[in-house]
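Numbering (full-length UniProt numbering), first residue to last: 1 to 296.
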């Protein structure tokens, strides 16, 4: 069975710090360097396991002028990451060696990245990564991050957001928690303020949920349209096809197909080493490369 959470996408200001943290500290692979397809000046970084398998991927839009974020009347917050049982001591030592402050609660470690994104590593009863998914780095294969576990959705009226997931996907909320499988979940929480939010450093732009194929994505699109939800668009991103919907609280929710994946325009062995552009952008490469914001 495929992972329910496909990927999570955020905003970062400093490209080099971001790369260092997610590859050298967390040990993820830099699987794709491309551009934001809605604003070609922005680089778009993808991190994941060795193949960039759905369920392992965290992405960042690089915006050098990005200011502080304000998480107010609605926002997405925190990324839970799964680690194998018995690996928490290893990760404690790794974070300590990297001089990253953390809090330990049971079998969970809480800390933040350079953009103050709230992260946590959680031990789960799941086999370590198969060798084909293990990143070639200094982290032992049996200790490497398994994939995405959770995120939090903050809204002014949690019941309306819970109803969105139930009506569209038949996902039931129990005290604000929607359990997606034995380990993975999302939490719907109240914000307690009506002040406007502002995207900034470390903001989560969207969470994406997995859809098996394009037919099922189209069926979901038709269902969402019939139910009257706020559909932003349905579009092929080159690496997967996506449907974007604003849930009633205002947060962007994406649904993305499992294929074709990141090897559609790069060999597996050299993922992330060059600026990759989907076929529909390739003819404009020179213009796009000339206009990209400089990395910091």
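Where is the CB? At the ideal position from N, CA and C, for every residue including glycine.
| Query | Result |
| --- | --- |
| Going along the chain, which residues of its own chain have a beta-carbon closer than 7 angstroms to the beta-carbon of residue 217, five neighbours each way excluded? | 211, 241, 243, 255 and 257 |
| Return the first residue and the last residue of the beta strand (DSSP E) that residue 218 is part of. | Here residue 218 belongs to no beta strand (DSSP E); instead the alpha helix (DSSP H) covers 214 to 227. |
| Classify residue 29 as helix, strand or coil using the three-state DSSP reduction. | strand |
| Based on the DSSP secondary-structure assignment, which residues constitute the bridge partners of residue 140? | DSSP lists no partner for residue 140. |
| Pop quiz: residue 160 and residue 248 are said to be a contact at Cβ under 8 angstroms. What is the actual Cβ separation, rounded to whole angstroms? | 4 angstroms |
| Between the region 283 to 291 and the region 30 to 45, are three or more C-beta pairs nearer than 8 angstroms? | yes |
| Quick check on residue 210: does DSSP put it in helix, strand or coil? | strand |
| Assuming residue 79 and residue 117 are in contact, meaning their beta carbons sit under 8 angstroms apart, how far apart are those beta carbons, in whole angstroms? | 7 angstroms |
| Give me the Cα-Cα distance between residue 215 and residue 75, rounded to the nearest whole angstrom. | 30 angstroms |
| Please give me, in chain order, every unbroken run of the beta strand (DSSP E) with length at least 3 that falls completely inside the region 262 to 294. | none |
| So for residue 60, helix, strand or coil by DSSP? | strand |
| Output yes or no for whether 8 angstroms exceeds the beta carbon distance between residue 27 and residue 137. | yes |
| Among residues of its own chain, excluding the 5 on either side of residue 114, which ones have a beta-carbon nearer than 6 angstroms to its beta-carbon? | 17 and 21 |
| How big is the Cα-Cα spacing for residue 269 and residue 235? | 28 angstroms |
| Taking just the CA atoms, how far does residue 267 sit from residue 158? | 43 angstroms |
| Assuming residue 127 and residue 88 are in contact, meaning their beta carbons sit under 8 angstroms apart, how far apart are those beta carbons, in whole angstroms? | About 16 angstroms separates the two Cβ atoms, so there is no contact after all. |
| Taking Cβ positions, are residue 317 and residue 35 nearer each other than 8 angstroms? | Since the first residue shown for the chain is 1 and the last is 296, residue 317 is missing from the structure and cannot be characterised. |
| Counting along the chain, where does the beta strand (DSSP E) carrying residue 94 start and finish? | Taken as a continuous stretch (DSSP letters only), residue 94 belongs to no beta strand (DSSP E), being part of the alpha helix (DSSP H) at 88 to 97. |
| Nearest to residue 143 by CA position, among 151, 149, 134 and 150, is which residue? | 134 |
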